DNA sequence: GCCGTTTTCGGCCCGACTGTTTTCAGTCG
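Residue numbers (this note's numbering): 731 to 1327.
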C-alpha cells in the first residue's frame, strides 16, 4: 500500500525540493536550500533506515531534521505524499530533475532548457541532444555556442550520471597511472592523492591530486596533456579537471610549498568535515580556506600559511585527525578533547582468518586455487603467525551427513599433518594453522553441517549466501540462530553486500551486535575490496557496543591475501584500534580466546 | 528550514572556473 521509502529516495526528494527552491527564488530561499540539502546528506549517511526511525518516533533525533521537515516527512510516510512538498514541486516539470544529472547542468539551466523547448519526461536527454544539434540553444539568453557545445558533449558522449562511483581498489590502479605521468614533469616537486582516495572510502567518485610547484601553468599543461585524456573539463590558474576512459574524472590542484598544508587539508575533505571544521573555526574567530587561515580578529586579516597539515590542525587547537576519520561524525569534538584513537595498522595483523585453499571439500561454492602450503608460504611472506583455512562447507546436495563428516575428518587429518610439520620447525613465521570452515546459514537459520561434523573444527565462520531478501526480523532470527551454535565463532561478511552490485541484507544489527558481545562471537571485516563487510558505518555502531572483530581476506588464492590492506582501511574508517581486532593477538593469546568457555 | 560553550534570534564554509557578460550567475567540490 504505502511506498517503502529508502534513505536514498528520501534524500533525492529533499535534493529535488532544494533544486525547486533554487529555481523559484535562490536569494530568498538561500538558507532553506542549504537546510534541505543538509537534511538530504544526513539521511544518506544514516546507518539505519529513516522509515524505521519514523516508526520508532525518532525523526527529530536526526540532525538536520527540525519541526517542519519532521512534520512533512511524517505526512509523507503516513499518506504517501506531503501537501507542502507537492506544492513546492508543482510548477517544475519532472524532466528538470532528470537533466540535472547531466555534468554541468544544474537546476537553473535544466529549468530554462525544459521550459524553452517543452522537453517532456520521456527521454529528456535525447530531446536535449536534439535541440543542441539543431543549434537552437545558442540563441537563448545566457547561452552561447560554447555552452551549447558543452551541453551536447555532456549529454551524448558521457552518458553516465554525475553520481557514478568506482571501487576503491580500481581507483588506486587508475591513480597510479596518472601519478607516473605527472612525475615525468620535473616541475612537480611533490604529488599526493587526496579526496576520497586518501580517506580510503570504499567507493570513489573522482580522483583528486595535489602538487607542489612554483610553475603552476606548466604543471597544469602537462596534466591536461595526459595521453589518456578524453576531455578537458576545466583548466585555470590553480586547478584543472579531465575525464579519462571509463568516465573517471581527475581533478588536480597546485600550490607552492609554503601553503601546501592547507591545500592537503582542504582537498582531502570530506566536504562535510571541512564545513564542520570551518564552522568550528569561525566561532573561534578564524576563517579557513585552501590557502590558509585568516585571523578575523586582527585588523589586517592577515593570511597565515601552513606548509603541513599537522600544524594546521594544531593551530586550531586540535589533535591531528587521520584522513579516514574526516567525515564529520564526531572527529572534530574528539580531536578537541585529545581523544582521537591510535588506529589499527597493517603491521598489527598477525593472521588472516578467512581463506579458501584448493583442498577438495566437495562444496557447491567456489574452491580456492592454491594449496594449503602455498597459502602458508604467502602467510610467511606477510609475516603472519597463524592462519585459518575456511573452505566452504561440503554441499548438502549429493552428500549424506555421514559423507560430509568423512570429508571434514579428512580435512582435519590434513591440517593436523601440516601442524605437526610446522611444529617440527618448518622455516617461516607461521607457527600454526587452524581448521575452520565457512558455513552457509540456511534460510531457517540452521547449518548444513551436523554437530558431529562441526566437532572436527577448531571453530567455524557462518555467512549468508542465499535468500538475501528475508524480512528484517526473520533475517535477524536466522543469523542469531546460526551464531548460537557453540562451535560458531565468527559472522563472516555480515551484510552480504557486493559494493555497487548488491545491497546489504536487512537485519537488526543492534540486536546482532549485542548478542555477539554477550556470547563472545566475533564479527568479520571482510577485506575483499568489493565486500568491505562490515561496512564502516556499521563498524562504528558495533564498536560502541563493544564488539570484537576479525579481519579476513576471503582469499581464493595466495595473492588474494594481499587484500588485507583494504580491510585495514575499512577498520580505520570504523575507528578501530589494535584492541578491537582479534587477529592482532599473538598465537597463544588467540588460542586462549578460542577456548574461552 | 535548522540550530545553540555568543544564541529562541540571527546567523548559516569558502573558493575556482566558465561562459556570457562589462560585473555576474551558475555549477562544482
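Glycine residues also receive a C-beta, built at the ideal position from the N, C-alpha and C atoms.
Note that the structure is predicted; figures quoted are calculated from it, not measured.
Cβ separation of residue i and residue j, assumed to be a contact under 8 Å, to the nearest whole Å
i	j	result
residue 1180	residue 1135	7 Å
residue 1275	residue 1244	6 Å
residue 879	residue 854	With 8 Å as the limit, residue 879 and residue 854 do not qualify as a contact, their Cβ atoms being about 19 Å apart.
residue 741	residue 774	5 Å
residue 1175	residue 1207	6 Å
residue 965	residue 954	6 Å
residue 1062	residue 1012	Their Cβ separation, rounded to whole angstroms, is 13 Å, which puts residue 1062 and residue 1012 out of contact at 8 Å.
residue 1000	residue 1039	That pair is no contact at about 15 Å.
Beta bridge counterpart(s) of residue i as assigned by DSSP
i	result
residue 1328	Here the chain covers residues 731 to 1327 and nothing more, so residue 1328 does not appear.
residue 1085	1285
residue 1165	1119
residue 1220	1191 and 1252
residue 674	The requested residue 674 is not part of the displayed model; the chain covers only 731 to 1327.
residue 981	938 and 971
residue 1311	1279
residue 1232	1228
Residues near residue i in its chain [Cβ-Cβ closer than 7 Å; skip 5 each side]
i	result
residue 731	Because the pLDDT of residue 731 is 48, which lies under 50, any placement of that residue in the model is unreliable, and the question is left without a value.
residue 1323	1312 and 1315
residue 793	772
residue 983	940, 968, 969, 993 and 997
residue 1286	1086, 1096, 1098 and 1099
residue 1071	1305 and 1307
residue 733	810
Straight-line Cα distance separating residue j from residue i
i	j	result
residue 828	residue 936	21 Å
residue 1229	residue 1198	15 Å
residue 909	residue 748	38 Å
residue 874	residue 845	17 Å
residue 1159	residue 1117	11 Å
residue 738	residue 777	12 Å
residue 961	residue 881	13 Å
residue 1139	residue 921	55 Å
residue 1076	residue 1292	11 Å
residue 1328	residue 1205	The chain is shown from 731 up to 1327; residue 1328 falls before or after that span and cannot be answered.
residue 1017	residue 1002	16 Å
residue 925	residue 896	14 Å
residue 848	residue 809	32 Å
residue 1035	residue 798	42 Å
residue 1211	residue 1173	11 Å
residue 1190	residue 1104	22 Å
residue 1236	residue 1271	15 Å
residue 1089	residue 1184	18 Å
residue 988	residue 914	23 Å
residue 1019	residue 1253	40 Å
residue 1164	residue 1081	11 Å
residue 1246	residue 1310	13 Å
residue 933	residue 947	31 Å
residue 876	residue 756	25 Å
Contact set for residue i: own chain, Cβ-Cβ below 6 Å, skip 5 residues either direction
i	result
residue 1144	none
residue 744	766, 769 and 770
residue 1297	1255, 1257 and 1281
residue 912	918 and 921
residue 1083	1118, 1280, 1282 and 1313
residue 1267	777
residue 780	737, 740 and 773
residue 1295	1076
residue 746	827
residue 1194	1171 and 1226
residue 1284	1084, 1256 and 1258
residue 863	none
residue 1055	1061
Neighbourhood of residue i by C-beta distance below 8 Å, restricted to the same chain and skipping five residues each side
i	result
residue 812	802, 803, 805 and 806
residue 1093	1121, 1122, 1123, 1124 and 1125
residue 1357	Shown here, the chain extends from 731 to 1327; a query on residue 1357 therefore has no answer.
residue 1261	1223, 1227, 1228, 1229 and 1284
residue 930	898, 1053, 1054, 1299, 1300, 1302 and 1303
Residue i beta carbon near the ligand FAD (any heavy atom closer than 7 Å)
i	result
residue 1245	The ligand FAD is absent from the structure shown, which contains no ligands of any kind.
key: Unbroken stretches of the beta strand (DSSP E), 3 residues or longer, contained in the segment 917-978   = 920-924, 937-942, 961-965 and 969-974
Any alpha helix (DSSP H) of 4 or more consecutive residues that is wholly inside the segment 1253-1284 = 1266-1275
task = Ignoring anything shorter than 3 residues or poking outside the segment 1153-1210, list the beta strand (DSSP E) runs there in chain order.
result = 1162-1165, 1168-1170 and 1190-1193
query = Going along the chain, which unbroken runs of the alpha helix (DSSP H) with 4 or more residues stay wholly within the segment 732-770?
reply = 737-754
request  = Counting only runs of 4+ residues fully inside the segment 869-905, write out the alpha helix (DSSP H) ranges in chain order.
outcome  = 875-886
task = Could you pull out every unbroken alpha helix (DSSP H) segment of at least 4 residues lying fully inside the segment 758-829, listed in chain order?
result = 760-774, 780-785, 797-809, 813-819 and 824-829
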